[in-house]
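> Under UniProt numbering, the first residue of the sequence shown is numbered 1, with each subsequent residue one higher.
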Amino acid sequence: MKIRKNDIFLYGRKMLFQMLEILYPRRCAVCDEIEVTGKGICPLCKDKVHVAGEPACKKCGKPLVDERKEFCTDCGKKHHVYTQGKAVFVYEGGIRNSMYRFKYGNKREYAEFYANAAVEKYGVWLNKIKAEVLIPIPMYSRKKRLRGYNQAEVFARELGRKAGILVDEHLVRRVRNTIPQKELNESQRHRNLKNAFQLTADIVEYKRVVLVDDIYTTGSTMDEVSKVLKASGVENIYYICISIGEGY
1 MKIRKNDIFL
11 YGRKMLFQML
21 EILYPRRCAV
31 CDEIEVTGKG
41 ICPLCKDKVH
51 VAGEPACKKC
61 GKPLVDERKE
71 FCTDCGKKHH
81 VYTQGKAVFV
91 YEGGIRNSMY
101 RFKYGNKREY
111 AEFYANAAVE
121 KYGVWLNKIK
131 AEVLIPIPMY
141 SRKKRLRGYN
151 QAEVFARELG
161 RKAGILVDEH
171 LVRRVRNTIP
181 QKELNESQRH
191 RNLKNAFQLT
201 ADIVEYKRVV
211 LVDDIYTTGS
221 TMDEVSKVLK
231 ASGVENIYYI
241 CISIGEGY
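(1) Pick out whichever of 168, 196 and 102 has its Cα sitting closest to the Cα of residue 141.
(2) Exposed or buried, residue 170, counting other C-beta atoms within 10 Å across all chains shown (16 or more means buried)?
(3) Buried or exposed, going by whether 16 or more other CB atoms sit within 10 Å of the CB of residue 167?
(4) In this structure, does DSSP put residue 146 in helix, strand or coil?
(5) Can you tell me whether residue 66 is buried or exposed, with buried defined as 16 or more other CB within 10 angstroms of its CB?
(6) Please give me, in chain order, every unbroken run of the alpha helix (DSSP H) with length at least 4 that falls completely inside the segment 75 to 132.
(7) Express the C-alpha separation of residue 139 and residue 179 in angstroms, rounding to a whole number.
(8) Per DSSP, what kind of secondary structure is residue 31 in: helix, strand or coil?
(9) Secondary structure at residue 56, three-state DSSP: helix, strand or coil?
(10) Would you check if there are 3 or more beta carbon pairs closer than 8 Å linking the segment 71 to 88 to the segment 54 to 62?
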């Protein structure tokens, strides 16, 4: 029996991955303990996360307490530039801790768990809106260098790989080092983000794009990036994020 070089390569790669699994076992994205099910979350933590289900705001995707409402209080008061948004998890409990480690603790491997959950929940939606490209919300260059990575890019790459959608990490750049939005009121948020984003291309050929971020709060960041894209001719701008707060 003749052994082909390709077979040797595939076998070697399989052995390498098995060795890496032993040396660096997968961790649960919620408790960060060793996880052996291969699902990214251990059985004890399944009840510690809540998927952002229905009823939800028709605009931003925040879960609603009152099922008779179509929009959350925030979306009912203002006009968002983006078309529609979706979130995977409610930002509370286990996911809140998970997001902190993902963002500040270099737990980039959590992105696989987030992306699997996103495709399971919104894979059909992504096909329905005919998403052409995923665009992660950019970080300011110096801040990215200090942290070592942009968590939105990490999630977008994993989501794009699993959903089969192109990822463009370079189309939009952040040209000002803005203050974290959670520290500001509504009017301050708009001033903080004004002229903070620019396109790196003169012509944008995409018509239906999906912005990608880790956490959605009031939508000010999504709106500012959407304004830049709209001005360039993009027709429909959606977003998907890992987590979101509850709406009222």
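Backbone N, C-alpha and C define an ideal beta-carbon position, used for all residues, glycine too.
Straight from the coordinates:
(1) Locating residue 141 in the sequence shown gives position 141, counting from the first residue. If you compare the alpha carbons of 168, 196 and 102 with that of residue 141, the shortest gap goes to 196.
(2) Within the sequence shown, residue 170 is the residue found at index 170, counting from 1. Flag for residue 170 reads exposed.
(3) Locating residue 167 in the sequence shown gives position 167, counting from the first residue. Answer is buried; the Cβ neighbour count reaches 16.
(4) Your numbering for residue 146 matches position 146 in the sequence shown. Of the three classes helix, strand and coil, the one that applies to residue 146 here is helix, per DSSP.
(5) Taking the first residue of the sequence shown as 1, we reach residue 66 at position 66. Burial call: exposed.
(6) Scanning the segment 75 to 132 for uninterrupted alpha helix (DSSP H) segments of 4 residues or longer gives 93 to 104 and 110 to 128, listed from N- to C-terminal end.
(7) What you label residue 179 is simply residue 179 of the sequence shown in a count that begins at 1. What you label residue 139 is simply residue 139 of the sequence shown in a count that begins at 1. Each residue's alpha carbon lies about 12 Å from the other.
(8) Position 31 of the sequence shown holds residue 31. Three-state DSSP puts residue 31 in coil, outside helix and strand.
(9) Mapped onto the sequence shown, residue 56 falls at position 56. DSSP places residue 56 in strand when its eight states are reduced to three.
(10) With a cut-off of 8 Å, the segment 54 to 62 and the segment 71 to 88 count as touching, because enough Cβ pairs lie within range.
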